[in-house]
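*Asks:*
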């Protein structure tokens, strides 16, 4: 029989091996845009395309003068040059109808949000937040401020001031007027003040809309001169104030609280008209404070009781809240603080000294998520920073109550500031339901993420809650849902815990993976490189539609504190419906520019900005924004074949240098296919290196052209066309048929800068591992019988086992077959059939026993078995052997007579003995043997006396001889 050594003929499709180190994001030619570092330029990034005008939008939330940091958005043009200047869009200069304290810009799709946008209300500053919808050409359109509230100090105040001759001294009245006005917060969004002075006639000193600041009205008060007059027509002045001073023509605002302050020192001369005047005020919901100045009565020593009664009548009820009296004009300044406090705490308005907040600090825009039918906002500061969510959409505003989330955020934990809404998103689950997602990174200090449904009337149905595991990790500060296979259903939900403490108490960070299986179930974690360093891995998360053009969504993770705060980003590939846990590329900020800091604080991957048809990455850093381009990907299909297919190890057909050899020819074929969209280079050059028996010390084969184990060639590959090259070689040593001759190819693209992305790799015809598939089958010759246990009778005392061994793949060398059997078997013989069927025969067993055996087969250690499950067989059966016992007896009397007529004493006859002999002629000792003696029948009345000298029963343990397999 001829023996052949086979070269392993393998066909490989090389899909850019080595991408786990490099992948296809170009780090050689980054575009780095710089901006004011003190403005936090790079805090957020967004790719933008306006009808071909491609740019990167960069948020700078601290932009502007130190006293008015409104923030802004910069537009960075992506042109042919590797860098260009960024210009402000001036979105931070939008004039809102409130005082903007600070604008923290968060760039979102078609929005620029300012979560720290604040408004002054009295002495308080509330950060309700605001967003502006932005057109494609970055022009602001509508503002979105769903939690902005009208200040409780939104008041129109008219002071009706008595200027008759009895008021003295006037400068004290001016001081009072200036002092009380300085307490008011004058602005278009808060208080407006008008002054009407009267005596015999009434005059509008100024109207409500005349002055816009507190300073202006205080200065105006200093210049008011007394009207004088002999009469005090208070009813006339009140009527005029109610009908004219509070009219829209004089600046009265719809919805403003109307307040009138009446200051007078004497009874009115038109008191009979007071009921009509006050009725007119009631119709207009005007609240009236009335101040009685008693100086005139005290100086004349007159009783002021009637006067006080009239002033109380003018004041709104109750008197203890709306009525004041002072001894003289100088004492007016004593009630300034009390009057101001009462005005600020009018019924129906908020007392700002209260400790409970609803939406005043909600910070809308801190997190947003754009939906098909609106926008989902996170209200991180709502309800005393417990947080909440709000949806603004086509069906109106949906604002769930605090109690809607009580099942997961109990009211008794309200002081723990969960920050619900720190991040918001949504997922589509298997039944095409949309679930909203909101993170609460400070819930019980470990963090929580909830998935919930939201009805049009604000009802919340919580579908699932995910909980953090480490205190202070900020679990839930970022979430990202991925539709990996792009079928419309969310496959993976990622939850970041960027402050997760790793080894050495460093903020390494961690990203939790949850796969959709009815509900989202934990499926491991992603983490930064295993180094003792701060990383904040997961500080930013973003999905990328498809970076490597395999049809699956990919993932970007920012780690801005890595490498001493230089920062890094990680790229993970999607596959099927999962995210591959090992990152495919890590891009360190220091590899792009040594000056980059906090690289990875924000990421965006949505568009092709440089016009090459490939997705680009935008990454924010401190004072910088980086645009990284993708490179095209070439898939190289390579096949390797040999002629002849096998080598005769005995006969050599060629000669080389006087030595006999076997001639072979290897054919390597290359097919390049572009995996990237768009138009790319149609051809490129490969450098190919072929090697024979690279790891062997002695050369067993040489190439014809070089007479060496290595040869090189250049290959020009055209996209879509197969190019083949022949590589003839000689094999000299064919005696070693166990270890095949290796044939390997290494190749790389020559143009590594501008050509398609492909790192050097290799293809080999062998890895010194033969793949075998040994299949073992065995059966007993009695296993098919119905008799259980199987009884073996003499002369058949043999059990046969038939074993069949087959190899279905490559050659198996040094194959061994091992047989283990129970101790109650004796090995008898082994016979090998011509067709390689093995037969084992065993000798007899004990009387009743269980036969057990296990057969295993294995080949030499240099080989690999394809399927191990069919490499062993276990057999067992119960057999019973017919015993082979021989019994003989011997007696001293051949005859014994019984005479029934004799007496008892006479009946005793001679004593006789019977000896029994038992012999076991079988293979084994017999167990549980008993000897039973039976007598012949005796007639009635007969008596037999028998003395048994020994009745025995014994057991003999089975001790079979040791068995050896030969």
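Residue numbers (mature numbering (1 follows the signal peptide of the UniProt record, and there is no 0)): -22 to -1, 1 to 944. Ideal placement from N, C-alpha and C gives every residue a C-beta, glycine not left out. Keep in mind it's a predicted model, so treat the numbers as computed, not measured.
Could you tell me which of 624, 799, 783 sits nearest to residue 793, measuring between CA atoms?
*Replies:* Translated into positions along the chain shown, residue 793 becomes position 815. Among 624, 799, 783, the Cα nearest to that of residue 793 is on 783.
*Asks:* Decide yes or no for the touch test of the stretch 95 to 109 against the stretch 127 to 142: beta carbon pairs closer than 8 Å, at least 3 of them.
*Replies:* Touching, yes, given that three or more Cβ pairs across the two stretches are closer than 8 Å.
*Asks:* Would you list the one or two residues that DSSP bridges to residue 584?
*Replies:* Walking along the chain shown from the start, residue 584 turns up at place 606. Note: residue 584 sits in no beta bridge, so no partner.
*Asks:* For residue 819, name the three-state secondary structure that DSSP assigns.
*Replies:* Numbered from 1 along the chain shown, position 841 holds the residue referred to as residue 819. With a pLDDT of 46 at residue 819, under the threshold of 50, the modelled position of this residue cannot be trusted; read the value that follows with caution. Three-state DSSP puts residue 819 in a strand.
*Asks:* Just to confirm, is the Cβ distance from residue 103 to residue 136 under 9 Å?
*Replies:* Start at 1 with the first residue of the chain shown, and residue 103 comes out as number 125. Start at 1 with the first residue of the chain shown, and residue 136 comes out as number 158. Not closer than 9 Å, so no.
*Asks:* Report the option in 721, 699, 251, 635 whose CA atom is closest to the CA atom of residue 671.
*Replies:* The residue labelled residue 671 in the question sits at position 693 within the chain shown. If we check each option's Cα against that of residue 671, 721 comes out closest.
*Asks:* DSSP has residue 560 in a bridge; who is on the other side?
*Replies:* Position 582 of the chain shown holds residue 560. Partner(s): none; residue 560 has no beta bridge.
*Asks:* Round the Cβ separation of residue 399 and residue 366 to the nearest angstrom and send it over; I've been treating them as touching at under 8 Å.
*Replies:* On the chain shown, residue 399 is found 421 positions in, with the first residue counted as 1. On the chain shown, residue 366 is found 388 positions in, with the first residue counted as 1. Confirmed, about 6 Å.
*Asks:* Spatial neighbours of residue 595 within its chain, please: CB distance less than 6 Å, with the 5 preceding and 5 following residues excluded, ordered by chain position.
*Replies:* Taking the first residue of the chain shown as 1, we reach residue 595 at position 617. If we look at residue 595 and ignore the five residues flanking it on each side, its Cβ neighbours are 583, 606.
*Asks:* Is residue 929 buried or exposed, if buried means 16 or more other CB atoms sit within 10 Å of its CB?
*Replies:* On the chain shown, residue 929 is found 951 positions in, with the first residue counted as 1. Here residue 929 scores only 44 on pLDDT, less than 50, and its place in the model should not be relied on; the value that follows carries that caveat. By the 10 Å Cβ count, residue 929 comes out exposed.
*Asks:* Just confirm the distance between the C-beta atoms of residue 254 and residue 211, as a whole number of angstroms; I'd bet it's less than 8 Å.
*Replies:* As a first step, residue 254 must be located in the chain shown, where it is residue number 276. As a first step, residue 211 must be located in the chain shown, where it is residue number 233. So it is not a contact: roughly 13 Å between Cβ atoms.
*Asks:* Specify whether the stretch 443 to 452 and the stretch 415 to 432 touch according to this definition: at least 3 beta carbon pairs, one from each stretch, less than 8 Å apart.
*Replies:* Touching, yes.
*Asks:* By Cβ distance below 8 Å, which residues in the same chain neighbour residue 541 in space, the five residues on each side in sequence not counted?
*Replies:* By one-based count along the chain shown, residue 541 stands at place 563. Result list for residue 541: 511, 566, 567, 568, in chain order.
*Asks:* According to DSSP, residue 568 sits in a beta bridge with which residue or residues?
*Replies:* Walking along the chain shown from the start, residue 568 turns up at place 590. In DSSP, residue 568 forms no bridge with anything.
*Asks:* Which full runs of the alpha helix (DSSP H) of 4+ residues lie inside the stretch 281 to 306, going along the chain?
*Replies:* Qualifying alpha helix (DSSP H) stretches, in chain order: 283 to 292, 297 to 300.
*Asks:* What are the start and end residues of the beta strand (DSSP E) that includes residue 216?
*Replies:* Reading the chain shown from its first residue, position 238 is the one you call residue 216. Residue 216 -> not in any beta strand (DSSP E); alpha helix (DSSP H) instead, spanning 212 to 218.
*Asks:* Contact check, residue 519 vs residue 535 under 8 Å by CB: the rounded distance?
*Replies:* Numbered from 1 along the chain shown, position 541 holds the residue referred to as residue 519. Numbered from 1 along the chain shown, position 557 holds the residue referred to as residue 535. Contact flag correct, Cβ pair sits at about 6 Å.
*Asks:* Take residue 865 and list the residues in its own chain whose beta-carbon comes closer than 8 Å to its own, dropping the five residues that flank it on each side.
*Replies:* Position 887 of the chain shown, counted from the start, is the residue given in the question as residue 865. Same-chain partners within the cutoff: 894, 895, 896, 897.
*Asks:* For residue 673, tell me which candidate among 717, 696, 647 has the shortest Cα-Cα distance.
*Replies:* Counting from 1 along the chain shown, the entry for residue 673 is found at position 695. Nearest option by C-alpha distance: 717.
*Asks:* Give the straight-line distance between the Cα atoms of residue 155 and residue 309, rounded to the nearest whole angstrom.
*Replies:* Walking along the chain shown from the start, residue 155 turns up at place 177. Walking along the chain shown from the start, residue 309 turns up at place 331. Cα to Cα, residue 155 sits roughly 12 Å from residue 309.
*Asks:* Note down, one range per segment and in chain order, each beta strand (DSSP E) of at least 3 residues found wholly within the stretch 458 to 501.
*Replies:* Here the runs fully enclosed are 470 to 475, 488 to 495.
*Asks:* Look up residue 453 in the DSSP assignment and say whether it is helix, strand or coil.
*Replies:* Translated into the one-based positions of the chain shown, residue 453 becomes position 475. Strand.
*Asks:* Hey, quick one: how far does the alpha helix (DSSP H) through residue 184 stretch, first residue to last?
*Replies:* For this step, residue 184 is matched to residue 206 along the chain shown. Looking at the DSSP string, residue 184 is not in any alpha helix (DSSP H); the run it does join, the beta strand (DSSP E), is 180 to 184.
*Asks:* Verify whether the separation of the beta carbon atoms of residue 835 and residue 770 is less than 9 Å.
*Replies:* What you label residue 835 is simply residue 857 of the chain shown in a count that begins at 1. What you label residue 770 is simply residue 792 of the chain shown in a count that begins at 1. Their beta carbons are not under 9 Å apart, which means residue 835 does not touch residue 770 by this criterion.
*Asks:* Got a sec: is the Cβ-Cβ distance from residue 286 to anything in chain C below 9 Å?
*Replies:* Checking the listed chains, one finds no chain C in this structure; it contains a single protein chain.
*Asks:* Quick one: using the 10 Å Cβ neighbour count with 16 as the cut-off for buried, is residue 945 buried or exposed?
*Replies:* There is simply no residue 945 to check, as the chain begins at -22 and stops at 944 in what is shown.
*Asks:* Exposed or buried, residue 235, counting other C-beta atoms within 10 Å across all chains shown (16 or more means buried)?
*Replies:* Here the question's residue 235 lines up with position 257 in the chain shown. Result: buried.
*Asks:* Would you list the residues sitting across from residue 577 in a DSSP beta bridge?
*Replies:* Start at 1 with the first residue of the chain shown, and residue 577 comes out as number 599. DSSP lists 545 as partners of residue 577.
*Asks:* Could you spell out where the beta strand (DSSP E) holding residue 102 opens and where it closes?
*Replies:* Within the chain shown, residue 102 is the residue found at index 124, counting from 1. Segment 102 to 104, the beta strand (DSSP E) holding residue 102.
*Asks:* If you reduce the DSSP assignment to three classes, tell me which class residue 146 lands in.
*Replies:* Here the question's residue 146 lines up with position 168 in the chain shown. Here residue 146 sits in coil by DSSP.
*Asks:* Quick one: what does DSSP say residue 107 is sitting in, helix, strand or coil?
*Replies:* Position 129 of the chain shown holds residue 107. The answer is strand: DSSP assigns residue 107 an E or B state.
*Asks:* If you reduce the DSSP assignment to three classes, tell me which class residue 647 lands in.
*Replies:* Taking the chain shown and counting its residues from 1, the one referred to as residue 647 is at position 669. Here residue 647 sits in strand by DSSP.
*Asks:* To which residues does DSSP link residue 401 through a beta bridge?
*Replies:* Counted from its first residue, the chain shown places residue 401 at position 423. Bridge partners of residue 401: 417.
*Asks:* Report, in whole angstroms, the separation of the C-beta atoms of residue 143 and residue 206, which I expect to be a contact under 8 Å.
*Replies:* Taking the first residue of the chain shown as 1, we reach residue 143 at position 165. Taking the first residue of the chain shown as 1, we reach residue 206 at position 228. The Cβ separation is near 5 Å, so the contact holds.
*Asks:* Helix, strand or coil, according to DSSP, for residue 511 in the structure here?
*Replies:* For the purposes of this step, residue 511 is taken as residue 533 along the chain shown, with counting starting at 1. Reduced to three states, the DSSP call for residue 511 is coil.
*Asks:* Cα separation between residue 5 and residue 455?
*Replies:* One-based indexing of the chain shown puts residue 5 at position 27. One-based indexing of the chain shown puts residue 455 at position 477. Straight-line Cα distance between these residues: approximately 29 Å.
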